[in-house]
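What follows is a short report on a single structure.
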Amino acid sequence: MSDVAKLTMPDGKEITLPAYTGTEQEKCLDISALRKETGYVTFDPGFGNTCPSKSSITFLNGEAGILRYRGYSIEDLCEKSDFTSVMYLVIYGELPSEAELAEFNKNLAEHSKIKPQLLKLYESLPQDTHPMVLVSTMLAGLSAHYPQFTNPHDTDQVEQAIFIALGQILPIVSSAYCHGKGKEFNYPSEPISSYGSGLLKMMFGDDYEVDTDVEKILDELLILHADHEFNCSTSTARIVGSSQANLFASLSASVNALWGPLHGGANQKVIEMLEDIANDGGVEAIDKYLAMAKDKTSGFRLMGFGHRVYKNYDPRAKIIKKTCDKVIEKLGVEDPLLAVAQKLEAAALSDEYFTSRKLYPNVDFYSGIVYRALNIPTEMYTPLFALGRLCGWIAHWREQNLDPHARIGRPRQLYMGATERSL
Ligand code: ACO
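Numbering (this note's numbering), first residue to last: 1483 to 1905.
Printed below as a string of structure tokens:
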């Protein structure tokens, strides 16, 4: 088969576009010379067909429901690995050996204390500030407190910045929780055994007894959020980083991108929607909410449903749904929202509007029910997503930073405004 495509322009001129095939047989046309050769740009709202660069971190096939980090399936990683190893894998490309993991853990532990002056930043912010504001602000603040690690051209500085961000994200997320509760933030007295247990101890207190099954479940949730190729917040890390802004600044921007309800903020919105349904008659009200979701004038969407790339059941949601059942059983929780969620899912999946548009539950649909069972408040769900995704943002920022062909991200517009006028 030819490795070029031919394109006939409106003036009849024919040009050739190089055609590439990715390692997973995905097809791609190279339009990078199009404007130079023809004067044309391409129109692609929401970047649905645009690859700004090559990448070797994550592969997903939305039709087949496949998600792999560096070639390993999320199912295998959840079963046989742990979140710290997955962070290492996503960032550096290989699962760590025992010695590499020990060294990585040591580096993270050494950088895991937030400078007291940075923690004081909370004093200037109201107690009801959304924790995503706090997480983003604290990450941005790292640039001020570690200016010696902000040169993207210095590999050693970048490595230190990675350890600082990964080491401090746990106390950053946990202290954001404590700020909202008006309680003092403390570090655990013993070294933490995992991000999951560290999180529970930093949020709920040093004497919180961490159940090993719960620890495993949190680890699994973090693994499932670790990366998702060029989604909105990851593309943000890449585009901010493309201007050679430092790592901390880029990560802070990603947190803000994640916060939106169409992206990571959906996990909070799902629970708020399920609560609305529960308070509005419970399962009896489901038809009303489905009708609203189908009505384009209502401004309401079924939160936790639909995805730009998954046109099949989101493989992360499949695992989380099972985890949800396990958690509910293990903790003996009776959550009326679970029944609403299950009935809502079943109703949507047998409704022509959703099936014809291939709208399935996404990663955010059941994760909130799991967090609720662990007594984690709703506004913390998106910060937990950020905790898991930080390694993905770092991996993408680093991949781009090491790419000698990387260029500043700068899309074009199709200008439709006024032509020149005089005053
Ligand atoms: N409820 C109702 N209708 C929907 C939904 C939904 N949740 N999602 C998509 N649709 C409809 C659209 O209205 C559109 O209908 P049309 O063809 O009649 O115009 C069709 O399905 C295609 O949807 P798009 O908006 O083109 O899908 P897009 O890829 O742009 O958006 C998104 C994807 C933002 C995730 C969307 O499905 C959505 O808003 N879902 C709800 C929010 C959500 O759960 N976000 C989390 C996503 S996962 C993540 O980012 C971590």
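Idealized CB from N, CA, C, for every residue including glycine.
Could I get the ranges of all uninterrupted alpha helix (DSSP H) runs contained in the stretch 1622-1694, with 4 residues as the minimum, in chain order?
The stretch 1622-1694 contains these whole alpha helix (DSSP H) runs: 1637-1663, 1677-1686.
Less than 8 Å between the CB atoms is what I'm expecting for L1733 and L1616, so what's the real figure, rounded?
In this structure L1733 does not touch L1616 by the C-beta definition: roughly 14 Å separates them, more than the 8 Å allowed.
Can H1784 be considered in contact with ligand 1, in the sense that its beta carbon sits closer than 6 Å to one or more heavy atoms?
Sequence check: residue 1784 is Leu here, not His. Correct: L1784 has its Cβ closer than 6 Å to ligand 1.
Let me confirm a value: V1655 is counted as buried when at least 16 other C-beta atoms fall within 10 Å, else exposed. Which label applies?
Flag for V1655 reads buried.
In this structure, does DSSP put V1809 in helix, strand or coil?
Here V1809 sits in helix by DSSP.
If contacts are defined as beta-carbon pairs under 8 Å, then V1822 and A1855 qualify, I think. What distance do you get, rounded to the angstrom?
Contact between V1822 and A1855 is absent: CB atoms are separated by about 15 Å, not below the 8 Å threshold.
Length of the line joining the Cα atoms of N1754 and S1535
In the sequence as presented, Asn is not what sits at residue 1754; that position holds Glu. Rounded to the nearest angstrom, the two C-alpha atoms are 37 Å apart.
With DSSP run on the structure shown, which of helix, strand or coil describes A1855?
A1855: helix per DSSP, three-state reduction.
Along the chain, where does the beta strand (DSSP E) that runs through F1712 open and close?
Here F1712 belongs to no beta strand (DSSP E), and DSSP marks it neither H nor E.
Using 6 Å as the cut-off, classify the Cβ of R1552 as near or not near the heavy atoms of ligand 1, replying yes or no.
No; taking the cut-off as 6 Å, the Cβ of R1552 has no heavy atom of ligand 1 nearer than that.
Quick check on the burial criterion: 16 or more other C-beta atoms within 10 angstroms. Buried or exposed for D1701?
Burial call: buried.
Comparing alpha-carbon positions, which option in G1521, A1487, L1542 lies nearest Q1906?
It is not possible to answer for residue 1906, since the shown part of the chain is limited to 1483 through 1905.
Would you call the CB atoms of T1716 and H1878 closer than 7 Å?
Yes, these two residues count as a Cβ contact at 7 Å.
Can you find a heavy atom of ligand 1 that lies under 6 Å from the Cβ of H1789?
Flag set: Cβ of H1789 near ligand 1.
Proximity of K1825 and V1765 at Cβ, strictly below 7 Å
The beta carbons of K1825 and V1765 sit closer together than 7 Å.
Spatial neighbours of L1559 in its chain, beta-carbon cut-off 6 Å, leaving aside the 5 residues before and after
Excluding residues within five positions, the ones whose Cβ falls inside 6 Å are V1568, I1705.
With distance defined between alpha-carbon atoms, name the residue in P1634, E1496, S1606, H1627 nearest to S1724.
The shortest Cα separation from S1724 among P1634, E1496, S1606, H1627 belongs to P1634.
D1846: CB within 6 Å of a non-hydrogen atom of ligand 1:
Distance from the C-beta of D1846 to the nearest heavy atom of ligand 1 is below 6 Å.
Expressed to the nearest angstrom, what Euclidean distance is found between the alpha-carbon atoms of C1660 and V1845?
Within the model, the alpha-carbon separation for C1660 versus V1845 is close to 26 Å.
Determine the direct distance from the alpha carbon of E1827 to that of N1738, and round the result to whole angstroms.
Answer to the nearest angstrom: the Cα atoms are 29 Å apart.
May I ask which residues mark the beginning and end of the alpha helix (DSSP H) holding R1894?
Run containing R1894: none; DSSP gives neither H nor E here.
What are the partner residues of N1543, as DSSP defines its beta bridges?
In the DSSP assignment, N1543 forms a beta bridge with I1548.
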